[in-house]
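Data first, discussion second: the structure below is written as structure tokens.
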Amino acid sequence: MKTTTLFHSLKMIKQIGELPEKVTSLETDSRKVLAGSVFICIKGYTVDGHDYARQAAENGAAVIVSEKELDLAGAATQIVVKSTERTLAVLADRFFQSPSEKLTVFGVTGTNGKTSVTNLIHALLKASGQKAALSGTIGFNLDGELHQSANTTSDLLTTQRMMQTAIDHRIPNMIFEVSSHGLVEGRLWGVDFDVAVFTNLSHDHLDYHGTMEHYGYAKGLLFSQMGQDLTKDKAVVLNLDDEWFERYAQMTPFDVISYSMERPADFYAENIEYLSDRTLYTLHSPEGVYQLETQLLGTFNVSNTLAAIAALYAKGYKVSELVELLRTIAPVSGRMERVPTDAPLSIYIDYAHTPDAIEKAIKSVMPFKKNRILFLIGTGGNRDKSKRPAMAEMASLADYVVLTTDDPRYEDYDSITGDLEKGMTHDHYACIGDRGEAVRHLMQQAEPDDIIIFAGKGHEDYQIIENTKYPHSDSQIALEVIKERF
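Mapping of the sequence shown onto our numbering: residues 60 to 545, in sequence order.
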């Protein structure tokens, strides 16, 4: 790209050296720099890109963008700016020529349900014959081709690249799972959302945000980022059952579509019936009343299906067709996913790692309980400790509970399980820090007709101990014990 276009009217503190006529790429990782690249120095949690500017220059960077003047001995042109993160947003949008404006972009935020709702939107689009790309916790799904990603919301440069990749593959729809961290850190600056969806807000990430108020307003950045251009056909889909509904509705000038499980809304559910292999309910919508059936289980998935249908309705999809397509959609990996087994047990893998999600997971299986509910929950080390007792308190809804770890990192096992233990409301539990041993222990307690839920890991197939990922699968260990016992 020509530098006269890329750096046009860019707010600079200082320019050192002449800009080349053209540059070849934008990079924030010095190891990926090639001849003609622009290297933007980004300050991370543990690494500062400024420390790698010289390496980038030696690798062939033509331009270095930084927040301070660097001693590069004239190896590259330097541009000094106030904020490299905000500058990256401008440069990336220009370099990739505003890809989000060429796509229909859905964004989904909330404490729980983001992965399920984004995957539902993606699956429904695919089932309706549309091409769609999805970026989220499980990875980057390019119309069915899955690529791994590091975070729920990728870094800003990766986000722009993913959208451009979708365009290159002639994919018209892009769906983003939007985390509060990603919003606060500006990873979605420059993304022009067409539909923004809110699922719910409950206790999580207070080690990062400090208070629930700050956490709530961080989520609200998605709706304020919708912009003010009322000539654009945009919509916001909000959960009427959440106390943040009114505040979020006031953050956007665009049409608000409401959904609810508890009261009349634009989309709401009645006559809900929970079965062990599917969920049934009556859907009220602006286009009429429908009898809906889904393979997704649990109360939270009623809310998730309402959100997904409302989001697609906002872009002109017919509710009647979405209801029919929903029958064919399989559960998302690791979200109340049933583990196939011939043993007389019902085993589920779920991602629940907040008090609210744990409560909903357990209550979702209560309608078809025949014997006991056994529940395993772990929590991450060196992360929000304030939610741990509340997580165990909700886990106490189960008849027997195993408290363990979920990516302990550098924290002692006993510290994690000890914090959890403070919230238990009955004595039918065990503290076992090693997650593999914890899964084995829980399966050793299983009796015929028990319901077993392994919570926290979901789709993840590893444990992070210190800074190393070790292979781990709750379902695989559970099936090994079943072979031994049944």
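Virtual Cβ for every residue (Gly too), placed ideally from N, Cα, C.
Check: Nearest-angstrom beta carbon gap, Gln219 and Gly249 [assumed within contact, 8 Å]; Outcome: 7 Å
Check: Cut-off 7 Å between Cβ atoms - residues of its own chain near Ser455, not counting five sequence neighbours on either side; Outcome: Met483, Thr484 and His485
Check: Buried versus exposed call for His268 [16 or more other C-beta atoms within 10 Å across all chains shown]; Outcome: Since pLDDT at His268 reaches only 49, below the 50 mark, its modelled position is unreliable, and the value read off the structure follows with that caveat. Per the 10 Å Cβ criterion, buried.
Check: Alpha carbon of Pro467 to alpha carbon of Ser532, nearest angstrom; Outcome: 15 Å
Check: Residue span of the alpha helix (DSSP H) that contains Ile417, given as start and end; Outcome: Pro414 to Val424
Check: Integer-rounded CB distance, given that Leu280 should sit under 8 Å from Leu242; Outcome: 4 Å
Check: Reference Thr177, options Pro312, Phe235, Met221 and Leu162, closest by Cα; Outcome: Phe235
Check: Distance between beta carbons of Val140 and Met221, contact taken as under 8 Å; Outcome: Incorrect: roughly 25 Å between the Cβ atoms, too far for contact.
Check: Three-way DSSP call (helix, strand, coil) for Asn178 in this model; Outcome: helix
Check: 4-residue-minimum alpha helix (DSSP H) runs that sit fully inside the region 489 to 526, ordered along the chain; Outcome: 494 to 504
Check: Rounded C-alpha distance that separates Leu355 from Thr338; Outcome: 7 Å
Check: Identity of the residue in Leu69, Thr168, Gln74 and Leu179 nearest Leu150 by Cα; Outcome: Leu69
Check: Contact set for Asn441: own chain, Cβ-Cβ below 7 Å, skip 5 residues either direction; Outcome: Arg468, Tyr469 and Glu470
Check: Whole-Å CB distance - Asp409 paired with Ile512, under 8 Å assumed; Outcome: 6 Å
Check: Alpha carbon of Leu381 to alpha carbon of Glu244, nearest angstrom; Outcome: 35 Å
Check: Rounded straight-line distance, which links the Cα of Asp253 to that of Arg113; Outcome: 40 Å
Check: CA nearest to the CA of Gly375, picked from Ser187, Thr168 and Ser157; Outcome: Ser187
Check: Beta-carbon proximity check, Ala324 vs Tyr340, cutoff 8 Å; Outcome: no
Check: Extent of the continuous alpha helix (DSSP H) run through Met450; Outcome: Arg447 to Ala454
Check: Chain-order list of residues whose beta-carbon lies under 6 Å from that of Glu346 (same chain, five-residue window excluded); Outcome: Val378
Check: Segment contact, 8 Å Cβ cut-off, at least three pairs: the region 153 to 163 with the region 364 to 373; Outcome: no
Check: Beta-carbon proximity list for Ala416, same chain, < 6 Å, skipping 5 on both sides; Outcome: Asn171
Check: Beta-bridge partners of Ile99, as assigned by DSSP; Outcome: Val124
Check: Beta-carbon spacing of Phe165, Val256 below 8 Å; Outcome: yes
Check: Extent of the continuous alpha helix (DSSP H) run through Lys542; Outcome: Asp533 to Arg544
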